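Student:
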Amino acid sequence: MRILKNFLMVLGVFFVISTLIFAVQNDDEQRDMAVPIVENDIDKNVAKEYRISAIDIPEDLNFAGEVVPQDDPEIMERIDREFLVNTYWQSNAVLLIKRANKYFPIIEPILAKNGVPDDFKYLAVAESGLQNVVSHAGATGFWQIMKATGREYGLEINDNVDERYHLEKATEVACKYLKRWKDKYGTWTLTAASYNAGPGAINKYLGIQQVDDYYDLLLGQETGRYVFRIMAIKEILSHPEKYGFDIEQEDMYSAVPTFKVEVDEPILSFADFAKQYEINYKILKRHNPWLREPHLNNSSRKKYTIEIPNKGYYKVSR
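Using my numbering, read the sequence shown as starting at 1101 and increasing by one per residue.
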């Protein structure tokens, strides 16, 4: 009887094992049928035509005509960082190239008229990306002007009107500020650094470290990178094809032609005002972002100039 029991036990074990083997084999066969065999499997995460490489820094690199000490290895590492970061942040670079085509023609003649080097248009790019942004500290507009600074230089800033959003007027203020501190520091590089950190901070660093040149200063990370970032942006936007950006003129952003309307009285509703010129509230505010509310108070009967787009550039539903 014991022999029979042992025999049946062995037979049962054999049956279970055979069943499992069959199930595994059958599953493998079904999997093989469901997934076709691909010869010469290719890693799809690697682009054949796209290669990342180091960047050759131009030998004549300068800011506003002031030569960069390219024989200093620490300076070159910092420059290299900005070239790499701004070249390989492709989406941002493309947007900056497109926006520059729209806004540089407005900024350039104002810089030239005020005797400020053309390179400072790239400072506006570094500050705001050519957008009307507001920083955590309250700096506002393309030129990131603080409220107190704007008022000091004659801008109207309140809840109803904020001329830091007025590109032409804000550029004029930036020019006055830059020329003031160029007279103080003697170089455009220190002037640019003071625009970022503030003259108080730059004066403090110069006094503590007993130097008089931007490239000799030990600064915090943001201001320490600032001028190099501007130079990298300048190089990429000046020679986009050299850095792999193939953007046709038709792909650029462009300004819509406008004409000016002068008003010297309150406007109760900008929505109604816009309809007089066959546009809507949104389009009016797009061209006049310095108008901050749906109406213009103007109790003093000050003369304001409002830009209106030429007819035919926007389709407005009736």
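C-beta: ideal position from N, C-alpha, C; glycine also. This structure is a prediction, so every number in the text was calculated from the model and none was measured.
Between the C-alpha atoms of Asn1303 and Asp1171, what's the straight-line distance to the nearest angstrom?
Tutor: Against the sequence shown, residue 1303 aligns to sequence position 203. Against the sequence shown, residue 1171 aligns to sequence position 71. Whole-angstrom Cα-Cα distance: 26 Å.
Student: Find the nearest neighbour of Asn1214 within the set Lys1276, Lys1403, Ala1200, judged by alpha-carbon distance.
Tutor: The sequence position of residue 1214 within the sequence shown is 114, counting from 1. The shortest C-alpha separation from Asn1214 is found at Lys1276.
Student: Give a yes or no on whether 9 Å exceeds the smallest Cβ distance from Phe1373 to chain C.
Tutor: Note that chain C does not occur in the displayed structure, where there is just one protein chain.
Student: Is Lys1213 helix, strand or coil when you go by DSSP?
Tutor: Your numbering for residue 1213 matches position 113 in the sequence shown. Lys1213: helix per DSSP, three-state reduction.
Student: Are the Cβ atoms of Val1168 and Ile1175 separated by less than 9 Å?
Tutor: Position 68 of the sequence shown holds residue 1168. Position 75 of the sequence shown holds residue 1175. In this structure, Ile1175 lies closer than 9 Å to Val1168 by Cβ.
Student: Alpha carbon to alpha carbon, what distance is there between His1387 and Val1327?
Tutor: Locating residue 1327 in the sequence shown gives position 227, counting from the first residue. Locating residue 1387 in the sequence shown gives position 287, counting from the first residue. Straight-line Cα distance between these residues: approximately 31 Å.
Student: For Asn1258, which option in Ile1406, Leu1396, Tyr1413 has the closest C-alpha, if you only look at C-alpha atoms?
Tutor: The residue given as residue 1258 occupies position 158 in the sequence shown. Among Ile1406, Leu1396, Tyr1413, the Cα nearest to that of Asn1258 is on Leu1396.
Student: Between Ala1297, Gly1298, Lys1282, which lies nearest to Thr1291 when the distance is taken from Cα to Cα?
Tutor: For this step, residue 1291 is matched to residue 191 along the sequence shown. Taking only the C-alpha atoms, the option nearest Thr1291 is Lys1282.
Student: Given that a residue counts as buried once 16 or more other Cβ atoms are within 10 Å of its Cβ, and exposed if not, what is Phe1122?
Tutor: Counted from its first residue, the sequence shown places residue 1122 at position 22. Its pLDDT being 49, under 50, Phe1122 is placed unreliably by the model, and the measurement read from it follows with that caveat. Phe1122 should be labelled exposed.
Student: What residue range does the alpha helix (DSSP H) around Val1185 cover?
Tutor: If you number the sequence shown from 1, residue 1185 lands on position 85. First-last of the alpha helix (DSSP H) with Val1185: 1173-1188.
Student: Out of Ile1379, Asp1346, Gly1241, Glu1335, which has the shortest C-alpha to C-alpha gap to Leu1161?
Tutor: Taking the sequence shown and counting its residues from 1, one reaches residue 1161 at position 61. Nearest of Ile1379, Asp1346, Gly1241, Glu1335 to Leu1161, Cα basis: Glu1335.
Student: Going straight from the alpha carbon of Met1352 to that of Ile1308, what length do you get?
Tutor: For the purposes of this step, residue 1352 is identified with residue 252 of the sequence shown, where counting begins at 1. For the purposes of this step, residue 1308 is identified with residue 208 of the sequence shown, where counting begins at 1. Answer to the nearest angstrom: the Cα atoms are 46 Å apart.
Student: Mind checking which residues open and close the alpha helix (DSSP H) that includes Tyr1277?
Tutor: On the sequence shown, position 177 is the one that residue 1277 refers to. Looking at the DSSP string, the run of the alpha helix (DSSP H) that includes Tyr1277 is 1267-1285.
Student: Could you pull out every residue in the same chain whose Cβ sits closer than 8 Å to the Cβ of Pro1158, ignoring the five residues on either side in sequence?
Tutor: Counting from one through the sequence shown, the residue named residue 1158 turns up at place 58. Excluding positions up to five away in sequence, the list reads Glu1335.
Student: Could you please give the first and the last residue of the uninterrupted alpha helix (DSSP H) stretch that includes Pro1299?
Tutor: On the sequence shown, residue 1299 is found 199 positions in, with the first residue counted as 1. Run containing Pro1299: 1299-1309, per the alpha helix (DSSP H) assignment.
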